[in-house]
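Residue numbers for the sequence shown follow this note's numbering, beginning at 13 and rising by one. Where is the CB? At the ideal position from N, CA and C, for every residue including glycine. Encoded as structure tokens, the structure appears first; notes follow it.
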Amino acid sequence: ADLLLTPEMFLTGYSIGAEAVRRLAQPRDGESAQAVARMAQTHGITIVWGYPERDASGAIFNAAQMSSAQGTPLLHYRKTHLYGTLDRTQFSAAAVDASNSQMAELQGWKLGLLICYDVEFPENPRRLALTGADLLLVPTANMDRYDFVPKSMVPTRAFENQVALAYANYCGPEGDLRYGGLSSIVDALGQPLAMAGRDESLLIATLTPEALDHARREQTHLQEQAQRLRGTAPGA
């Protein structure tokens, strides 16, 4: 495997309470980042991992990083849309701006990050798709009462933006929450390449540029949207 995606707040757990989040939060280049970087380098695999980030001002964000197989940081992202009381009592919301909309390149693929609730707002995947994303990586902590997200919304986001999408969720109980599992990897036509059930599992799928090109020839939503934003007619 070339890339490992883990769930939201993977290093600490998600539903751990504001006090624990404050105690465990670290800067983006802290000890946890260094440990994951060493692990990525040792095993020769790029790792996407979630954690509570404390910035220089003391604000705490629900964040994710991508550490390369060489042990270097490739991408950093902060959750922009906080879900419910739990999220809002534990974290600050990040701004939706250029600094939080960057992408990384891996083996010719442009990769973008979103976290959980972010993917439920269509503007977020579309923003990344319009700036060239090929694959969206979404760590999540989705509860079992929201199964429609992995079953319906995730493939729709992939289809309408002609991007592949990987969605990594927890399963089972944590505190007062019960996670739904159903992690998935879908292609740019919204078709599942791999999907988990309710139990812990490791999903593996191969993404190819040929399949991505085929999807973008079959469905041209993104191309037409980009043309309209440029003020040109579709097909021009």
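Item: Under the three-state reduction of DSSP, which class applies to Tyr129: helix, strand or coil?; Value: helix
Item: Measure how close the beta-carbons of Glu313 and Val161 come, nearest whole angstrom, since I'm counting them as under 8 angstroms.; Value: Residue 313 lies beyond the stretch modelled for the chain, which goes from 13 to 248, so this question has no answer here.
Item: Enumerate, from N- to C-terminal direction, the unbroken beta strand (DSSP E) stretches of 3 or more residues contained entirely within the stretch 34-103.; Value: 58-66, 72-79 and 85-90
Item: Run the CB neighbour count on Ala4, radius 10 Å, all protein chains shown included, and call it buried at 16 or more, exposed below.; Value: Any answer about residue 4 is impossible in this case: the structure gives the chain only from 13 up to 248.
Item: For the stretch 18-31 and the stretch 90-104, state whether three or more C-beta atom pairs, one from each stretch, are separated by less than 8 angstroms.; Value: yes
Item: Of all the beta strand (DSSP E) runs that stay within the bounds of the stretch 128-167, which reach a length of 3 or more residues?; Value: 147-151
Item: What's the call for Thr220, buried or exposed, on a 16-neighbour Cβ count within 10 Å?; Value: exposed
Item: Tell me whether Ser111 sits in a helix, a strand or coil according to DSSP, three-state version.; Value: helix
Item: Can the beta-carbon of Leu140 be found closer than 8 angstroms to that of Leu148?; Value: yes
Item: Would you mind listing the alpha helix (DSSP H) stretches within the stretch 180-245 that are 4+ residues and don't spill past its ends, in chain order?; Value: 221-230 and 233-242
Item: In the structure shown, what three-state DSSP assignment does Ala13 receive?; Value: coil
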